[in-house]
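Under my numbering, the first residue of the sequence shown carries the number 14, and numbering increases by one thereafter.
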Amino acid sequence: MIEVQVEIYFSFKGKIPGGEGVINLKLSEDALVLDALERLIDLYPELDGDIFESSGRLRRFIQVRLNQKGVEHLSGLETEISEGDELLILTKLGGG
């Protein structure tokens, strides 16, 4: 088993008991980013509609970062995670 830290920002963190927005997850050693997100939703089902579309795809305004690097620049949700990694879940900011 490995342990990773997940930080949730903005309005999502209000859905985590205590409102801290920081969760330590225990996962299998061969875990992927997707596994961490699914485990997070197992623990806090109210986050499901905020993170994933009904089709199971990541919502387009959600940004997932692994150790400060966007997973879209790695292997996406199939990116492997390791002991002590930090996963951030943010909403993309836009403007015009």
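Every residue, glycine too, gets a C-beta built ideally from N, C-alpha and C. Predicted, not measured: the structure shown is a model, and the values here were computed from it.
Excluding its 5 nearest sequence neighbours in each direction, R52 has C-beta neighbours in its own chain below 7 Å: L38, L40, listed in chain order.
In the same chain as V84, and ignoring 5 residues on each side of it, the C-beta atoms closer than 6 Å to its own belong to V46, V77, T92, in chain order. If only complete runs of 3 or more residues are kept, the region 70-105 shows the beta strand (DSSP E) at 75-79, 99-104, in order along the chain. Taking 7 Å as the cut-off, the beta carbon of I29 is found no closer than this to the beta carbon of I102. Between I54 and D61, the C-beta gap is smaller than 7 Å, which places the two residues in contact. Spatial neighbours of E59 in its own chain (CB-CB distance under 8 Å, excluding positions within 5 residues in sequence) are listed in chain order as K28. When the five nearest sequence neighbours on each side are left out, the beta carbons in the same chain lying within less than 7 Å of the beta carbon of L79 are those of V46, L87, T92, I94, D98, L100, in order along the chain. Within the DSSP bridge table, the entry for I54 names no partner.
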